[in-house]
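Note that the numbering used here gives residue 564 to position 59 of the sequence shown, counting from 1, and the numbers run on in steps of one.
Comments concern the structure below.
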Amino acid sequence: MNTRTRTDFTHIEPDLYAKAFQLLDPTPEPSTPAPAAPAAPDPVSLILAAPPVRLTGTVEKTLTDALAFLDTHGWAKYRLVHPEGARCSIGALRAAAGARNNAYRDAGNLLLDEARRRHGKQWESIPSWNDSHTGGQVRDVWEAAIRRAHDMNI
């Protein structure tokens with residue numbers, strides 16, 4: 506196969522197009538360059554820049570659900586479940602956890618520890634502490650325990 510190269514082509518003046526456009530628009534307005542589009546972030550920086558996703562821990566959820574149960578059904582002293590549906594703190598924990606599982610035990614331990622921090626170390630159990638305090642005092646301990654569980658991410 507023979508390929509021929511033509512060598513008799515006409516050279517074009519390099520400024521020919523610039524001259525042609527100048528003839529078409531003799532007084533061009535200075536153009537301002539369009540703002541450059543921001544560079545696309547690199548995928549790794551997107552991942553690193555994203556705030557960490559925080560999942561609610563099982564202890565925090567159990568405590569929060571139990572306090573919501575007390576808010577909905579009422580708080581009681583001296584009985585696990587009052588005939589009208591109110592419960593003591595341990596009864597609310599049981600209702601929220603659904604079973605005596607790890608979340609139930611850990612939430613109970615954290616609640617009792619918070620009760621001891623606020624009301625003295627003499628409390629041996631949640632029921633004895635619950636029955637010896639007012640509703641406001643009990644609620645304060647619940648809220649503090651939920652904050653601690655949140656801060657501990659448990």
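Cβ coordinates follow ideal geometry from the N, Cα and C atoms, glycine included.
Assign G596 to one of two classes, buried (16 or more other C-beta atoms within 10 Å of its C-beta) or exposed (fewer than that). By 1-based counting over the sequence shown, the position of residue 596 is 91. Looking at its Cβ environment, which holds 16 or more other Cβ atoms inside 10 Å, G596 is buried.
D656 versus A573 - alpha carbon distance: Start at 1 with the first residue of the sequence shown, and residue 656 comes out as number 151. Start at 1 with the first residue of the sequence shown, and residue 573 comes out as number 68. Looking at the backbone, the Cα of D656 and that of A573 are separated by about 19 angstroms.
In chain order, what residues of the same chain have a beta carbon less than 8 angstroms from the beta carbon of D645, not counting five sequence neighbours either side? Within the sequence shown, residue 645 is the residue found at index 140, counting from 1. Excluding positions up to five away in sequence, the list reads R623.
For W628, does the three-state DSSP call read helix, strand or coil? As a position in the sequence shown, residue 628 is number 123, starting the count at 1. Looking at W628 - three-state DSSP - the assignment turns out to be coil, as it is neither helix nor strand.
Rounded straight-line distance, which links the Cα of R621 to that of Q627: The residue given as residue 627 occupies position 122 in the sequence shown. The residue given as residue 621 occupies position 116 in the sequence shown. Distance between the alpha carbons of Q627 and R621: 7 angstroms.
Taking 9 angstroms as the threshold (C-beta atoms), are L575 and R599 in contact? For the purposes of this step, residue 599 is taken as residue 94 along the sequence shown, with counting starting at 1. For the purposes of this step, residue 575 is taken as residue 70 along the sequence shown, with counting starting at 1. Cβ atoms of R599 and L575: not closer than 9 angstroms.
Kindly indicate which residue of R653, G640 and R652 has the alpha-carbon position closest to the one of W580. In the sequence shown, counting from the first residue as 1, residue 580 sits at position 75. Selected option, being the one with the closest Cα: G640.
Between the Cα of N614 and the Cα atoms of D520, K524, L585 and I659, which residue gives the shortest distance? Sequence index remark: in the sequence shown, residue 614 carries index 109 (1-based). For the options D520, K524, L585 and I659, the alpha carbon positioned closest to that of N614 is the one of I659.
Can you give me the Cβ contacts of P632 inside the same chain, cut-off strictly under 7 angstroms, excluding the 5 residues immediately before and after it? The sequence position of residue 632 within the sequence shown is 127, counting from 1. Closer than 7 angstroms at the Cβ level, and outside the excluded window around P632, lie C593 and I595.
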